Structure formats: C-alpha cells, structure tokens
Amino acid sequence: MILELLIGLCLLGSVVLFVTPNRYAGRLAAGWSLLPLALSLLMYAGFSGQGNALLGGQLAYETTVQWVSLGPYTLNWHVGLDGISMPLIALSTVLTTAAILSAWTPIEERENQFYGLVLFLEAGLIGVFAVLDFFVWFVFWEAVLVPMYFLVAIWGGPRRKYAAIKFFVYTNVASLVMFIGFFTLVFGLGDSIASLDMPAIAQALRAGELGSLAGVGPGTLKTLAFAAMFAGFAVKVPIVPVHTWLPDAHVEAPTPVSVLLAGVLLKMGTYALLRFNFTMLPDVAQQYAAIIALFAVVSVIYGALLALAQQDLKRIVAYSSVSSMGYVILGLVAYTVYGVGGATFQMLSHGLISGLLFACVGVIYNTTHTRMVDDMSGMADRMPVTTSMFVAGSFAYMGLPLTSGFLGEYFVFLGTFHADFPGAAWFTAIAMFGIVIVAGYLLYAMQRTLFGPFSVKTAHADGGAMRTDGGEGSGSEAEHDIDRAAAHDIVPLAMLLALVIVLGVAPEISFGMIRDAVGPLVTAGGAG
Amino acid sequence: MPTRPHLNLGSHLLSGLVAVALFAVLATVFLTASFGAPQGFGGAQVTPSIGYAMFDLSGGEIPSDSFLAAFEIIDLVLLAALAAAVMLARREADGKLIGIESIRTDGGRPRDTTSASDTDVETEPNAAADGDGDREGAN
Amino acid sequence: MTGGLGVGVLQTAPPIGDWVALAPVLLLALTALALFVIDSVDPDDASGGGALAGTAAVGTLLALVAAIALLIAGIGQGQGGALRLYGGQLIVDGMALFFTVIFTSVATLVIVASYDYLRDRVYQAEYYVLMLLATTGMALMASSGSLATVFISLELASLPSYALVAFLKDNRGSVEAGIKYFLIGALSSAIFAYGISLVYGATGRLGLEAIARSLSGGTQLVGILGVGVLMVAGGFAFKTASVPFHFWAPEAYEGAPAPVSAFLSSASKAAGFVVAFRVFAVAFSPEAVVASVDWTLAFWLLAAVTMTLGNFAAATQDKVKRMLAYSSVGHAGYVLIGLAALNSGQNGLVLGASMIHLLVYGFMNTGAFLFVALAEYWEVGRTFEDYNGLGTQAPIACVAMTVFMFSLAGLPVGGGFMSKYFILVGAVGTGHFLLAALLLINSALSLYYYSRVVRSLWFEEPANSIGIEGYPLGLYAAVVGAAVVTFLLLPGIFLVSDAAISAASALFV
Amino acid sequence: MVAVQFYLLLSAAIFCIGLFGILTRRNVLFFLMSVELMLNAANINLVAFSFQYGNLTGQVFSLFITALAAAEVAVGIGIMLVLYRNFGDVDVTKATTLRW
Amino acid sequence: MAATSTAFAFEVAPAIAILPLASFVIALFAGKYLPKGGALAGIAATGGSLLLSLWIALTVAGGATYNEEIYSLVTTPNSFDLHFGLLLDPLSALMLVIVSLVSFLVHLFSLGYMNDEGERGLPRYYAGLGLFSFSMLAFVFADNLFMSFVFFELVGLCSWLLIGHWYREEAPPSAAKKAFLVTRFGDYFFLVGVVAIFATFGTTLFAGPESFPTLAEEALAGAGGGEAGGGAGELSTFGFGPGTWFTVLGFLVLGGVIGKSAQFPLHTWLPDAMEGPTPVSALIHAATMVAAGVYLVARMYGFYALSPTALAVIAFVGGFTALFAASMAVVKRDIKQVLAYSTISQYGYMMLGLGAGGYVAAVFHLMTHAFFKALLFLGAGAVIIAMHHRQDMWEMGGLKEKLPVTYYAFLAGSLALAGIFPFAGFWSKDEILYEALIHGLNDPLLLGGYLMGLTAIVFTGFYTFRMVLLTFHGEPRTHTARNPHSLGWSVKVPLVVLGVLATVIGLINMTPVAEATGLHIEYLHTWLEHGIPGLTVEHYDEVLETVAGYSAASLSPLLPAVLSLALALAGAGLAWALYSGPDPDHHTERLGDIRTLLMNNYYQDEYQVWIAETFGTGVARLSDRFDQSIVDGAVNGISEVSLLSGDRIRRIQTGIVSNYATLLTLGLVVLLLSVGLAGGWFL
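Chains as they are written, first to last, in this note's numbering: chain U, 66 to 593; chain Y, 616 to 754; chain F, 618 to 1126; chain E, 13 to 112; chain X, 160 to 842.
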C-alpha cells in the first residue's frame, strides 16, 4: 500500500495547497513535497524487486485490486515497481521538490494553484511509473497533461497560450494514436488475456499468442501496433520530426515547470517506449532496429544542430533535450544490457541534468529578466554560485566523466556499438558526434553569457539591483554578487548537482537495479 | 393571411428536385418489389376489431398488435400538445409579459457591444411586432 | 396466424409487479399531472416558482430513485429476461432502466437549475409540465417494444421540446430556434412514420421482436425493408442530432434557454439512441438483416460524417453555447460508432461503451450547458471572450466547467475519459480502424476548442470588469452536482460499466 | 384488386409531393400542410399493408398517426404564432439570426 | 619486510591522486577562508604526491609492479566491466614523478605569480590546479583505457577552467572554449575508439594476459596461423580483417592524442591557450594535458606496435608537426607564443619517436621536455611578472642584468630546447632522430618524418635564441624593461630546481655515448626494460619487428648526433647574428608574405573557425529554418487547415430552414443510394 500512500500524499497535498493562502503556499508546498520525497527514498533504500516488471519479475510494493470490467477484460488497480520504475519515481519526487523550491522566486501570483498543480502533476507522474494495468496507466498518462497545460498556460511567458495548446493537443493526439495501437494488440490477443494487465499482455505477446484482427494477420498487426505506439510515444519523448511542441513549451513555461517538463515528462515517453514497444514487441523492434536507430541518430544530431542555432538559453536546453533523448532511443534499440540499461540510466541522468540547467537559467532569468544570449555577458561576475552550477551542469550535459551524464551516454554507446542490428556501429559512431556539438553550443552559450565583461541589456531589469556599467575591478567576487541568488534558489541546484555527481561516481546505486530489471528483456531479446 | 395561390416558378424550386430524386429512388425500389397475394380480412368486421385492438381487449376478429400502451401514451401527447399550444399561443390580457424584458439566451450581453449580426428583439425594436401588439390592443 | 400475433397475451392483465416496473414512468407522468393541479390551484404561484420547481424536482428525483432501485433489484435483467408489458408494447429491461436513470438525472439537474433561471417568469407551470412530459416520453422510448410505441413516445418527447425551445416567446433567438426545431422535427417524424409504414410493409408487424421473428427467415422485400430501415434510422438521427438530420441542433441549442439546451442535448439525444439501439439490435438484428440491408454501413457513414462535421464546425465558433451545440453533434457521432460496429462479435462491448458514454455525457454536457445558463443568469455575454477571467470571480463554477470541458474532451478528470476510450476500444476491437482514426482526429480538434473555454476562464484577463451578482443556489447546486458526478464517474465507472455492458449484451441473447 | 405496389407508388408520390412542398414553400402553414401529406402517405401504406397481411395493426396505427399529426399541428401553429409576433412574417426563411 | 613495504607503497598509491583532489575540495569550499587562497593546501598535497611518487618509483625500481582494480564503477555479468584501477610500472612511476614534481613546482611558483600579484579568484585557481593534478595523476596510473578516457576528459575540463581563469576579459573564455572544443573533437574519435575497443576485446585493460594489446597480438598471430581466423574468432572485428580493424582502432584513439597533444591539424587551440595564467601554461604544456596524448600512445604502445600503418602515420604527423610548428614560432613577438609553438613542435618529436619505434627515446624526450619546458614557461612567467604582465618580446631586452637567476635558468632551458650538447634536450631529441633514421632507411614515410624533424632543428635553434636574445640581451627597449618588478623566492626556487634538471637530466640515457663507449649507461632504457610482461621495451621491440616488420639499419649514433647538433648550432648562430646587438632589428619582417603567412599560422585557425562558426552555425541556422518552416510549419499548418475547414463546414448551416430540409433530404437520398447499391435493392 506504500505506493498508494505515495500517490495519495501528492494528491492530498494538491488539494490542501489549493486552499492554502498564497503567501504560505510556497513554503507549505516545499515542506509537503518532502514527504513523498522521503517516502520514495525510503522505498528506494528498501527496494527488493527483482527482474523486469513485465516479464515475470518479482515486484516491489505491489498491489492488485479489481476495478472495472471492460467487455471481456478486467481493469485492475495494479501497481508495483521494478528496477526501471523505482529510480524514475525517485527522480520525480526529487525534481518536484527542486521545482517547487525554484518556484519561490519567479511565481508571484496564484501561488496556491501553482503548487497544487505541481503536486497533482507529481501524483500523475508517479502513477505513470508505478501502474501496471494499461487502462489505469493510461489514466495517469493523460492526467499528467492537465496540470502541465495549466502550468504553462497560466504562469508562462508571452506566447504561453499558443505553446500550451500546442503541447496539449499534440501530445493528446499522440496518446490516442498509441491507444489505438495498443488495443489493436489487445484484441489481436483475443482470449489469451483476460485483463489489461501489462505483464500478462507482455508475456502473452512474447509467447506468440497474437492472432489476427479484422483480417489482418499477426505479423502485420504487430508491425502496425508497434508503429502506432512508437509514433505516439515519440511525440512525448520527443523524437524528430515530432518534436516541435517541445521548444515552444519550454520557452514559454515558467522555469520550475520546465524543470519538470524536461526532467520527468520526457522520460514518460521513453519509459513507455521501453515498457511497451521494446518489451512487448521485441521482434518488431529488432526487425526495424536500423530505422529506429536512424530516428534516434537524426534526433541526436539534428537536435544538437538546432540547439546550436538558438539564442534563447531555454531553447538551447530544450533542443538539447531532443538530442539527449535520441541517445535513449538508441540505447533501447540495442537490446544489450548496457544499451537498455544505459538508456534507462540516461533517463535519470538527463532528468537531473536538464532539470539543473533549466533551474540555473531560471535563476539567471529571475535576476536579469532575459534569457537571450546576446543580452548578457559576464554573469559570473555577479552570480558566481549560480554560474558555477551552470558550468557544472553544462559539463555534465556534455558528458564529462564522473558525472552521470557521461555514464548515461557512455553506457548507451557501449551497448549500441556492438548491437546486433545492421550498421549499429556506424549509427553509434555518428550519434557520438553529438558530444562535440553539445560541447559547442553549451560552451558558446556559457562564454557569451557567463563570461567576459559584465553587462545586461534588458528593458526591465530589476531597477538599481543590476548595475550595467560592467563593474569595477577590485574587491572580491562575492562583494560584486549584489544580486546573489537567494539560498532557496541555490539549494535545488546544489541538490541536483550533488545527485549528478553521486550517480556519476557511484552509478551502481541505480544501475544495479536497472541492470537487474533489463536483464530478462535483453536475454530474451538479444545478445548480452 | 393565406393569399390566392399562384404559380411561382423560380430557382427556389431547384431544391424540390431532391424530392423528385427521392421519388425516383422510392419508385425504383417499390416497383421492383414483388408481393404475394393480399391476405385480406376475409369479410370480418374491421371497425369493431379496431376498437378491440386499440383497447387491448379480446374479441377482435382480426389479429392485431396491442395498442393499449400507445393509447395511454397518446393521451399524454395530446396533453403535452395542449399545454404547449396554450403556452405558446396565449397572450397576456394587458399585453405585457412579466420578466420577458430580461431575456438571457443572448447571454444578456449589453446591447451596445453586440455585433451587427446580433438582431435581438431588444436591439432592434420590431415594427411588425409593435404593430401586432397595437392590433391586438384594438381588439 | 391469429395466435402468432400474441392475441393470447392480450388477455393477461399486467400483474402488480409490472406496474412497479413502470414506476419511474408513472412517477414522471403523475408529477406532470400534479403540476397541472398545482398550477390551477395557485396560478399566480406566490412562491415564485418554488413550489412548481420543487414538485418537479421531487418527481424526477423519485423517478430516478425508482429507476436505480429497479436496476439494482435486477428487474427485467438476468435470467428472467426483459419484462414485456402490454403485450410487448413496453419492455422493461436493464437498458430501459439504465437510460431512465440518465433521463431522470438530467431532468433533475435541469429542473433544479431552472428554478433560478426562470425566477419571476410566467408560464413556469407549463415549463415544468412540458419538461416532465418530455422526460416521460423519453423514458417510454427507452421501454418501447414496438414501432408504434416508439413513434408515439418519440412524439411525446418531441412535442414538448419544441415548445420548450420556443419558451422565451418574445426572444427572437428562442422563437427562431423553436420554429426550426419544429419544422425539421415534423419533417423527420414524417419520414420516420413513412419508414415505419414500409417496415410494416416488409414484415407485417410493428412489434420489435415480431419484426425480428419475421425477418429471421429472410425476406424478399429487401428494398422496401431497406428504405424503411433507413427512414426509421433517419427518425432516430433527428432525435440524436446526427448528420444530416442535425441541422436543427445548433440553432435549437443556441436559441433555447440554456437549461432546455442542456436537457435536449443530453437527455433527448440519449433517448434517440436508446430507441435506436433497441430497434436496430432487436428488430433489425444484424445477423438477419445486415447482409441485404447494411444499416451498419449507414451508421458508419453517419458516425464518420457526424463526428467530423460536429467537431470541425465547433472548432471555429465564437459563442460558447453554439460551440457546445456543435460538440453535441460531434458526440452523437462518437456514440454512433456503437451502432456502426454492431455487426461484429463485440456487440455487448461496443453498445455498452456507447451507453456509458451517453450516461457520462448526460452529466458533463448538462453541466456545461448549465454553466452557460449560469453565465446567462449573470449576463456576462456569450462569446469566449466574454468568459474571460471568470475563473477569478466564480472559481467553483469554473472548476466545474473545466471538469466538464476536459471530460468532454476525453481527459481523465471525469468519466468522459473512460467512456470515450471505451468507445475507442470498441472501434478498435471490431476492426473499425478508420472510425478510430477519425475519432482521434476529432478528439484532437475537440481538445482545442474545449480548452478555449478553459483558457478564457482561467488564462485570460477580463476585458472589462464583470459584475457577478449573486451565486444562485439552484444553478450552482446543479452545476456542482453534475461536476461531482462527472468526476466521480472516473474512478467509479465500474458502478455503471458492468450494468451497461450486461444490459447491452442482453439485447443480443 | 389493386396490387399493393400501386398503393406504394401512390404513397411515395404523396410523400414526395409533401416533401416537395416543404422544400420549396416558405410559408409555415404550407410546411405544416406538406408534413400532413407526408404523414398521410405513411397512413396509406399502413392501411394497404394491413390488408396485404391481413392484420389490423397498420390500420390502428394509422389512427394514432392521425392523432399525432393533429397534436403536432397544434404545437406547430403555436410556434408559428410566436414566430409571427417576433418576425412579423410566417416565412420560414426570414428567421436567420442563428446560423453558422 | 621489503614485500610488506612494497605492498604498503602500492596500497597508498591512490593517495597520489587523491591528495590533489582533497586540495581541490579544500580550495573550492574553504579557499577563501584560508591564507593564500588555498595555495598552501595545494602545495602540501602535490608535495605529498611527489614524495609518494618517489616512493613508488623506488619501489618499482626494486622490480615490483602493481596492476589491480581499485574501484568498480559498474560490474555487469557477461558484459563489460567499467572500473578504475592502478597500473604501476616503470613508465607510470616515472610519469608520476614528473607530473607531481612539475605540479608541485607550479603550485609553488603560483604563490609568486598569482598571490603576490593580487589576483582575484585564487580559491578557484588553486582548486583548478588541484583538480588538474588529480586528473593527470589518475590518468597516468590508469590501468585501462576507459579510465584513461575518463581522466583525459577531466584534464580537458581543467584546462578549460584554468585557461579561462580571467573570465572577465573577452579573450580567455574564448580561448578556453576553443581549447576544449578542439580537444573534444579529437576526443570524439578517442571515445569511439574506447567504445570500439570494448566492443572488440571486451576489455580495455592495458596490462596482463586479458589486456587488449595482448588479445590483439594473439588475434593477429592466430589470423596469421590459420585460415579460419584462429584467435580472432573470439573477437568481433566488425567485418574488417583483424589487422585493418586494429589499425582503425589505433587511429580512433590517435584522434584523442592528436587533439590533446596539439598535433597537426588539431594544434590550433594551444597557442590560444596562452591566455591562461603562465603557471597554468607551464602545467598544461610541460607535464599534463599535452603530455597526456603522448603518454597515452606510450601506454598502449603494445597495441600500436601491431600496426605499422598507424605507426608510420604517427611518425609522419609528428615530424610534420615538429617542422610546421617550429616555423611558426620563428616570427612570434609574444614570448609565450614562441613557447607555445615550440611545445607543439617538441611534442611532434615525441610522436615521431613513437611512430618510428623509438619508445624509449620518446619517453625520454617526454621527460626532458617536461622539465625544460616547465622551466621555460616558469621563466617566461618570471619575466612577465617582472615586466608587469607584458609579454611582447620587443618591449623587453636587457633583462639579463636585472634578473640573473631567471636568465641563467632560462638559458639552461633554452639550450635544452634547442638541443645543444650536453643539455637534456640534446640527448633525447637526438635519440628520437636517430631512431627515426635507422628505421626510416627502410620506410619512406618514416624517413620523411626524420627529414622534417631534422629541418625543424634549425628553426628550433633559431627561435629559441631569438627569444633569449630579445628578452634578456641588448638594451632595455621600454621603461618597464628598465625597471622590472622584483621576484620572490617562490619564483626563483622552481626555476633553480628545473634549471638543474634541464641541464643534467639528459645524462641518464646518453645513447651515443653508450654506443660509442659500450658502457651500460642507458639508465632509462634499463628502467623501461623491466616491469609487467607485455609492457616492456623488449616486448615492444619484438612486436615491432615481428608484427609491424620494423627493422633497424645498423648505423652509428654519432654521425646523426653531430649532424643535429650542427644544425641546432646553425640555427642558434643565425639568431645570434641577427639579434645579438643592443637594439636588434625586426628582421623577420624581411620575410614579407611568408611572415604574414607564419604570423597567421598558415591560416589554420581561419579554416577551423570557418568550419566551426560559418559552416557549423550555417548548417545549424539552416536546420533551424527548416525546423521552423517545414517541420513546425506542418504542425501549425495542420491546425490552420483544420480551423479553416471548420470555418467552411460551419457555413453549411445557413440559417435558412428550407436549406436544411433540402440538405436533409439530400442526405437521405445519398444514404438510400449508397446502402441500396451496397445491398442490391435496385436489381
């Protein structure tokens, strides 16, 4: 029942926050978010699952209750964790707390609603990662959209309404496509399943019990379903060419929301790809591995190139997310321990790092009210701590060793290079070039914004707080940090950075359980 | 006031072509259908049987479905029609209807901000309606 | 021959139990009569409509309770099969009761809301009487066992509706809506009647099960039957506001008083569907008829065109009420999938899904229109822009409206999510991928226009300060009640889904 | 004995004449009258088939249809009245404030 | 007792790297509360590292070696292990001593260069130095290629931090970015190489029977022995023959080497990196970052020795770089620029040595260069302090009298750099050229490398002495040069230490003398002969001969030595002739267009910047435009088309009820027709 408690805590917190006066909402939300955080970490520490959730593994914190029957199928409340979902749940709770803290400064109106929605979002995210019954899972999957829509549309930037509706409709369409694909499989399975329990379906599919549906044979049916689900999840990930909602959403979203969006929401897509496409239909995935890898590589390189062309710091990070998520796809398609496990690790790692970078951009934006690279330079002079965090985060993003970013990518490369599908080595080698481009745009952005003589060009910088004269050259750095970010802005950054480094130095903390969970998948689906 | 009918040919008759088309379809279908010989009523008394059938009584010579339920329902239909017709047709004795001034199906928008296409009774006082009211008053 | 027409059945008077089975209908009808009495006793209604509304609400509520009780008691369900009353003219079974629940729920909500909406208006008694009679007609439609009762109860539902739409006699919109509704309705009922006559011509029967028996051996009169079936379908299409019989709907829903719009778009639509379900599932059962008269094809076309037209037209509306009207057309298209997919093995599932959707729709759509009623009560205007910033002024109602909109769009904040996906499951499960794809496209579009309302309520700054005078209790109660039920139907869908699917499956035994 | 097809044809003709009237005339009264025609086309069918099948169902039902037609007209006239009061005309094409 | 002491020495060996890491942490978090901004912690830490390194070297000298895993990052059953380990053999022990010594001296020097000059951000500076030392030391004792890559990258980060130390100015951050990017470009190939080596051999260990050089050797032996591929059967060579594939792998790793060791064409970052504080330049160019590349090749020499193609390319690139960079150094005005190009040039020699099979020679030069180049940079740093941070040599002159310690130390370094007998550089450079010559007589590519290396000697002699003369000799040309800043002990001590080393260190491996006299005085050679099997000179020579087919022509070392000495003296003499006067002319201007070409570094920067900026961002812009207009345009287009068609569709609702009736009837007719035709009613 502990998972229910976790989700319930978030929902209850959400309700409580909606009726909390605005001035206390931020603090209450931060405090409250510690509860699920602590609980999830306790669960993490006491995690005892084994194997893959869908392939007959031993689940941790499992509950099953019957809910509805839908024609011949029962829908159950079935939750449980394996080594893939547990880290992602921890990621969600960590990033929620970080996002809430980093929202204290920028969110200045309707705070109670904001934090209420954030906690609601957290509940949805945890649900997505925990639930193992398709329909209930889908409820959570869709439920995540709603708070996100509000968060972007109410507290976002100037084009927030456009961005929010684009995100909303785009991802919703994708969900529907995926839904249709999945139910094609369900009906193709016919009588061999009696519920929409994902493990049951996965095992039935892998046992080859797919029949034909509406005159379409099992082989084609599989391929069609795979394509539909892949297309659906690809939007969420996002994979080029269905990525265009992402930069808009990121740019317009308030920073704390970007943190969650990049940190966890994108992971929903890859998580679902892993759970559905790659676990349930490994044969199709391997048959079309080269095509999928092509999508992945294009995402990596094209996303990075797009990031290179941007002037808005948030857009840079947003596009680089497209690039980074390409690595995840590449790892998944490899069907090796390092490939799939690395992809999962990269989800975690990217969640932390992109969250960190967005939060940094947010801190800078709070002070300067601009995110344009051209509008500022020498921020390091005034905001040394934030700058350090930004630098550290950027290098982690570039895959600097001893940060999780390096290991995530490295695992993927290791896993994919010798994968079975044709051209795996070439795809990997090309994808690796992403690390050069990512270094290019991040270094460029840092050089332009953080270093050089200090200046900020913005129409509405905080009055006298920022001096734009470039400052004088004496005294210590700290004295010049007249707009030093508040402690509550720095804490989430430090928290995330610490995790990035811890995971980079001791990856076994999570890679152990991930490896355990992906093991059955790859031994059944490909070479170790 | 019905006026003396006179033939008015014009483009508005074009839409009548659809009715003609429907007739063509129906006629094609009907004429290709083949029925057996009619069974007829064999000289039984039709009218009393109708009465029996309508009230669901035994004794009708000719078989029929039961219509008692329908009969009871149509009672309600007529009641409804009566209520509806009375409500719609009734005019208040003093020519004034309470509450009608604040009609809200237009959303109660202030009249000055409505668009040109918005032809509410309030925004465009209707001469005909006024005249109608006068005539009624003269009665 | 004589015996075959059930003359034997004529002799047996319905036992007491059968009167009980008709309790919801009787309660509704008696309440209507009671309202007449009240009106004649106290024509000026010193209570400002309170007594009338109260009586009407109590009547519908009792009918609702009775229907639920019967449903739970298993009357007409399970082993014994449906209860056939009046020689099969009326049938009480799970589906009839299920839909009676929908009608009475909607009627209750609407009547509660009308109390505020109609305050200080004349003809309140007539209003409630007509509404109750229309509800009665709908309940009878759900129970109709013969085309004769179908036609008559359909008229019983329709005639009061015409008058209700034109209720605001001095409002051009209302009157225009009324005349259009009436004219299309009259035309449709004529087509419907003609269709019935042709079906009678092909089978010699009007009872649904009798028709089925007659058709089970096949028929020579394929063409006549076919035209008849399609014309009957046309009659239902009118009632359900399906293309091409939908033209009245946007006008009627827009022009009518908002509670009436709510009533028509939810209950009346459901009534059209229940009778279509019954007629097509029982009388023109797919196994016997579809080979020669492919009415599933017809419904396939109707579903495709209806949902597309409804949603696309809704997408660019300026007025919220008209948007809801078109969206109502779109939803009719979704439900039609249930009929279009009846020729495959999953009949219980697809029909059940449609029934569930109609139930949920009953609440969420009624709620949405009642919110519009609330807006009309506040006189804020009717376009999207006029709703700007309402969220700050009336947060509770706006949360409710948000629930309605997202639930209508199929997001998991209400039962609409479940029901829409059940329909989609049905479509996919029966291999109707094209319909599923259309549903997908339309859903996307609907999400766009529904969220426009949400956007106005929450994201936009009010253009000019809107003064909201008062928070009318009845309207609020109805809106919030509908929202609560809509929301609860998400986790609680199992309370109705089993009943719906088993009731639907029972038609095909 | 007239073959039943011809009754059918007659009814179809009457039905389509009624329909033609609906489609081409603008006056509400004509509209109502046309609907009556269409309903009576149905009645012809019902009576003809009643004889064809040797049962009374059709005949009885035709009576009900007649009654319903009356009720419909009652309501229709009522709506027509309010239409006239509001728009000063009984032309159905005049009332076009609600569209699109 | 000896065994336990050995074991204990190896137990504490990780502390060599961890001590500077601790100083990094201390300086970063507590630096601003400490005296000297964390410098003392750094000095203590690197001093400790130096002592420990010496201890390890002594232990290794006793014949012990160590090759163990110390920390496992990821252990995956049936797949690759990622771990950190310790490989202590003569090569790494030697390198540890060099690195920790230079690092220690640089820390010490920084007291004078940074602290005394009132710099801001000292904690950051010392933290960077600490991290740099940590990374480099860990890189040196890495026992596998993966670990090497990890610390190779960290070294890159540190260089970025330190080069960009003065971030408030425009140039340093830009130079830092360039350094990181260019080396990262090389690292890309390295990364592919590491991954490919993992994928091929399942391991990246340097030493032991399961190490990848050993496996590769076995695979080649197997391939040579049996038709079926024999030992290569276990390995996946991705569709290539094992020999070809190993060459490809070698080239991939070489990409990283070329980037880090600033070989042509990825050398462009290094001169820019002079924007960093001068002690940092000393550290980067003498002992750490740039050395890392060459060290890596030496570390996995057993693998390169298997591929004659890779070796030849290394040698040629090295020789070319040596000449190419030396020619550019000739015209520079900035003292640090001269040193920067000389660094590139010297590393070119090392590559030439490695490629030519002169493993010992290359390591020898790596060592001597570490000392004399550190010396030169620190000397230049001292000059810069004295000159109040002016770096243009034409503003100096006559500093000999004012800065005698610096002068003599600098002179010792210069003599070593120019390769004048008997200074360190002479011995090592000469040995490289000798190796290149004897192997090159059988291989034209090697011979080309040799000739280029030989030519470069002239340039080296010239630019070195031009630098010395312009800086220290003649009359002071500016006011600052007349009144230089005085230097503290912390500046002088490192100079003296390094000056002594630069003078004498060459004596440890006097190959010509040994050859001529028959004495066994090639101590370095002896040092590298022992250690872990497979990592010894003997083994390398054997592999070179058997697999790569290298054969040495027999030739006396004396003649080549004399030749190169003569050339060096010629270069120096030319410089003396041109610049020895009290007020020398700008003779290089007489070179005209060539000077412009050389000043512009052969336009190497231009094309690379063009690739990175014009081309890269051009492609990026194009992608962006494509994305906005086509990809996103499609998305927005769909929504617009939908809304437009929605607007059209709703116009059907004309508001005229007769039209509705018509359409309704029409719909019915269509429905009748379609269903009727499907059902065959009309037949």
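Built from N, CA and C at the ideal position, the CB exists for glycine as well. From a predicted model like this one, the values you see are computed outputs, not experimental measurements.
- Neighbours of E/V104 in chain F, taken as residues at a C-beta separation under 7 angstroms, are given in chain order as I796 and L800.
- Contacts with chain F at 9 angstroms (Cβ-Cβ) include U/Y214.
- Within chain U, the C-beta atoms nearer than 8 angstroms to that of F/L1057 come from V238, L241, V242 and I245, in chain order.
- When the alpha-carbon of E/L80 is set against those of E/Y19, E/N52, E/Q17 and E/R37, the nearest one is in E/N52.
- Three or more beta-carbon pairs separated by less than 8 angstroms are not found between the region 241-248 of chain X and the region 502-521 of chain X, which leaves the two stretches without contact.
- For X/T821, the closest Cβ of chain Y is nearer than 9 angstroms.
- U/A563 is classed as exposed because its beta carbon has fewer than 16 other beta carbons within 10 Å across all chains shown.
- The beta carbon of X/A330 sits no closer than 9 angstroms to any beta carbon of chain F.
- Below the 9 angstroms Cβ cutoff, chain Y contributes no neighbours of E/I26, its closest Cβ being approximately 10 angstroms away.
- Using a Cβ-Cβ distance cut-off of 8 angstroms, the region 435-455 of chain X and the region 255-268 of chain X are in contact, since at least three pairs of beta carbons, one from each stretch, lie closer than that value.
- Look at F/K886 here: in three-state DSSP terms it is helix.
- Around F/F1076, the beta-carbon contacts reaching into chain U at under 7 angstroms are A218, I219 and K226.
- U/T288 is the residue among U/W97, U/T288 and U/V387 whose C-alpha sits nearest the C-alpha of U/M243.
- Two segments are said to touch when three or more pairs of C-beta atoms, one from each, lie closer than 8 angstroms; by this definition the region 450-467 of chain X touches the region 688-705 of chain X.
- Assignment of alpha helix (DSSP H) within the region 657-745 of chain F, counting only whole runs of 4 or more residues, yields 667-690 and 711-734 in chain order.
- By DSSP's assignment, X/E228 forms a beta bridge with X/G244.
- Here the alpha carbons of U/T335 and U/K226 stand approximately 26 angstroms from one another.
- The C-beta distance from F/L669 to F/Y745 rounds to 5 angstroms, short enough to meet the 8 angstroms contact threshold.
- When C-alpha distances from X/L413 are compared across X/V456, X/F371 and X/A707, the shortest belongs to X/V456.
- Closest in alpha carbon position to E/M45, among E/G33, E/A54, E/I56 and E/N55, is E/G33.
- The alpha carbon of X/Y761 has as its nearest neighbour, out of X/R283, X/G402 and X/S486, the alpha carbon of X/S486.
- Residue pairing from DSSP places U/N141 in a beta bridge opposite U/Q131.
- Closer than 9 angstroms to the CB of Y/G674 there is not a single CB belonging to chain E.
- Nearest in C-alpha terms to F/S1122, of all of F/S1063, F/Y1066 and F/F894, is F/F894.
- DSSP places U/S260 within a strand segment (E or B) once states are collapsed to three.
- X/T773 and U/Q512 have their C-alpha atoms some 18 angstroms from each other.
- U/R88: member of the alpha helix (DSSP H) spanning N87 to A110, first to last residue.
- When only Cα atoms are considered, U/L68 and F/V899 end up about 47 angstroms apart.
- Cβ neighbours of U/Q411 within its own chain (closer than 8 angstroms, five residues either side excluded): S389, Y392, V393, G396, G473, E474, F476 and V477.
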